[in-house]
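In the numbering used here, the protein residues as written are 15 to 586. Working notes, beginning with the structure itself.
Below, the structure written as structure tokens:
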């Protein structure tokens, strides 16, 4: 479709469009410049990082462990990777940015030339029109003057009082004006014919030719953008093989780590070669004692036991208490408190209590299901659009939609896989909860757990409306089963050297068996001390009057904080 025939009267709009095209090209060039600056900064930061962690000592002083050697190999590969990022930046600068800026200058010059030709043609046509319009106005004036002279002549000719000379003068004036009107008419006709001819040339030859040149210029600009888009991608694609080799080198370095060899190097580096010390001999200082005293003291004790008492006696130490002994179970001293409370967040939420884990898994399944539905709707819409394109090829190419449809189907498969994985975890959680529920007494046997809440093993729910409709409570506490906490998990939570201060107190609303590790058994209406608030996981740390500490469900107690403690509030 030609601009010259279809847009013959849109000179100003084509002027704006071609200017927009050049501005867009320069905008893309600016984007490429910022993109290559990102690559340059990224490569520079990678090289600085490698330089920071590269060994600064001589090779003889560096450790010979395979883990260290592999790390240094990874640093070398990362340095090569940074070099590839620099190559990407150089390729973009040379073949994309510089080319676009040079081409932009050429386009500006060419556009200016074509627009000047168009303006000159328009100015010449305007000049022709002015000449034609002037001749037209002159012809109009001469005709009016001729009409006036004719009327004056006829008036004097019919007037009996007018002299013959006046009549002749009016007649000559009439003939002169008529002749001038005829000449103006001929001039106007000639100018009109000339203008019509120039106008036809303007709109059928000059303007179409200029607009055609502008169209070719704009199309070349579009083609150049497509080429630079491809060059932009090719700059990245060229370095992919070398980047893959760098990554393969990192993987090879990781496989070269040998723990046995490192252990042997440790032995080789620190082995002293000495033999372990032998037993100390027994030194008998009783030889100078009198025979009677010596016989009475030593003869009643066998020699082996006497030597064992002498040797081992000075080494005997009082047996450490349980609290101090448990602190030694951690490899590097006392076990940090965050080992239990600050467990890292896991993908399957296994760090959470069962009920909260179930809720989080259900929430994630719902979110994934909504996303899956969106992808399905998008796939259906793309299929409908493809059908429309197949029935009406002029509207678009149906094959252009296939990559998007394939990508959507791939996303759907990934989402289905994630949903299945989370449903598997949810089934495990629900299976464990149901098995624990079978071991607990049912509500028919007056197990007064609040309605709408799970057992303390699985934290609590948020349905407080059901909780307040519990008709009655357990008449008396039930003796809990023996609790066997894992010393490695809970010893330092409840056996600190300095006990936590009391920040409030609570009253048990329901009986809690405290069978889980780290939890505390409590009877209904029992009063406990609060030493740590609920951190959002549904558990509050409490202490009995006997000094026993543990966690109780926040929903099972009525908490009253001390006024001088932070966040004094009552929870029900």
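The beta carbon of each residue, even a glycine, is placed where N, CA and C say it ideally should be.
>> What does the alpha-carbon distance come out to for the pair residue 222 and residue 17?
In response: 7 Å
>> Less than 8 Å between C-beta atoms, sequence neighbours within five positions excluded: which residues of the same chain meet that for residue 53?
In response: 99, 100, 102, 103 and 106
> Do you know offhand how far residue 556's Cα is from residue 575's?
Replying inline: 12 Å
> Within the present structure, is the beta-carbon of residue 185 separated from the nearest heavy atom of the ligand NAD by less than 7 Å?
Replying inline: Only the bare structure without any ligand can be found here, which leaves the ligand NAD out of the picture.
> Three-state secondary structure (DSSP) at residue 363?
Replying inline: coil
>> For the pair the region 116-135 and the region 245-263, tell me if three or more CB-CB distances fall below 8 Å.
In response: no
> Is it buried or exposed for residue 316, if we count other Cβ within 10 angstroms and need 16 for buried?
Replying inline: In this predicted model, residue 316 has a pLDDT of only 46, less than 50, meaning its place in the structure is not dependable enough to derive any value.
>> If distances are taken between C-alpha atoms only, which option among 292, 517, 291 and 427 comes closest to residue 386?
In response: 427
> Where does residue 134 fall in DSSP's three states?
Replying inline: helix
> Taking the DSSP output, what are the residues bridged to residue 553?
Replying inline: 567
>> Am I right that residue 546 and residue 514 are in contact with their C-beta atoms under 8 Å? What's the rounded C-beta distance?
In response: 6 Å
> Can you check whether the CB of residue 154 is closer than 8 Å to the CB of residue 194?
Replying inline: no
>> Taking the alpha helix (DSSP H) that residue 223 belongs to, which residues open and close that run?
In response: 221-252
> Taking Cβ to Cβ, would you say residue 149 is nearer than 8 Å to residue 113?
Replying inline: no
> Does the beta-carbon distance from residue 440 to residue 372 come in below 8 Å?
Replying inline: yes
> In the structure shown, what three-state DSSP assignment does residue 388 receive?
Replying inline: helix
> Under a three-way DSSP split, which group does residue 270 fall into?
Replying inline: coil
>> Can you look up residue 260 in the DSSP assignment and give me helix, strand or coil?
In response: helix
> On the three-pair Cβ rule with 8 Å, is the region 125-142 touching the region 265-272?
Replying inline: no
>> Our contact map puts residue 263 next to residue 84 with C-beta atoms below 8 Å; I'd like the distance itself, whole angstroms only.
In response: At roughly 10 Å, the Cβ-Cβ gap does not stay under 8 Å, so residue 263 and residue 84 are not in contact.
> Do the region 175-191 and the region 204-223 touch if we need at least three Cβ pairs shorter than 8 Å?
Replying inline: no
> Of the residues 199, 174, 159 and 206, which one's Cα is nearest the Cα of residue 188?
Replying inline: 159
> What is the DSSP secondary structure of residue 68, counted as helix, strand or coil?
Replying inline: coil
> Between residue 284 and residue 47, what straight-line distance do the alpha-carbon atoms span, to the nearest angstrom?
Replying inline: 56 Å
>> Short of 6 Å in beta carbon distance, which residues of its chain neighbour residue 224, apart from the five on each side in sequence? Order them along the chain.
In response: 128, 131 and 132
> From which residue to which residue does the alpha helix (DSSP H) around residue 215 run?
Replying inline: Residues 178-215.
>> Once DSSP output is grouped into helix, strand and coil, what is the label at residue 516?
In response: coil
>> Here's a check: name, in chain order, each residue in its chain whose Cβ is nearer than 7 Å to the Cβ of residue 164, leaving out the five neighbours to either side.
In response: 188
> In or out: residue 553 buried (at least 16 other Cβ within 10 Å) or exposed?
Replying inline: buried
> For residue 534 versus residue 566, is the C-beta spacing smaller than 8 Å?
Replying inline: yes
> Taking the alpha carbon of residue 123 as the point to measure from, which residue in 143, 36, 145 and 93 has its own alpha carbon closest?
Replying inline: 36
> Which residue's Cα is closest to the Cα of residue 26: 361, 228 and 196?
Replying inline: 228
> Which word fits residue 438, buried or exposed, when buried means at least 16 other C-beta atoms lie within 10 angstroms of its C-beta?
Replying inline: exposed
>> Assuming residue 121 and residue 216 are in contact, meaning their beta carbons sit under 8 Å apart, how far apart are those beta carbons, in whole angstroms?
In response: Wrong, their Cβ atoms sit about 26 Å apart, outside the cutoff.
> So, residue 422 versus residue 389, is the Cβ gap smaller than 8 Å?
Replying inline: Result yes, Cβ atoms of residue 422 and residue 389 sit closer than 8 Å.
> Would residue 395 be called buried (16 or more neighbouring beta carbons within 10 Å of its own) or exposed?
Replying inline: Looking at its Cβ environment, which holds fewer than 16 other Cβ atoms inside 10 Å, residue 395 is exposed.
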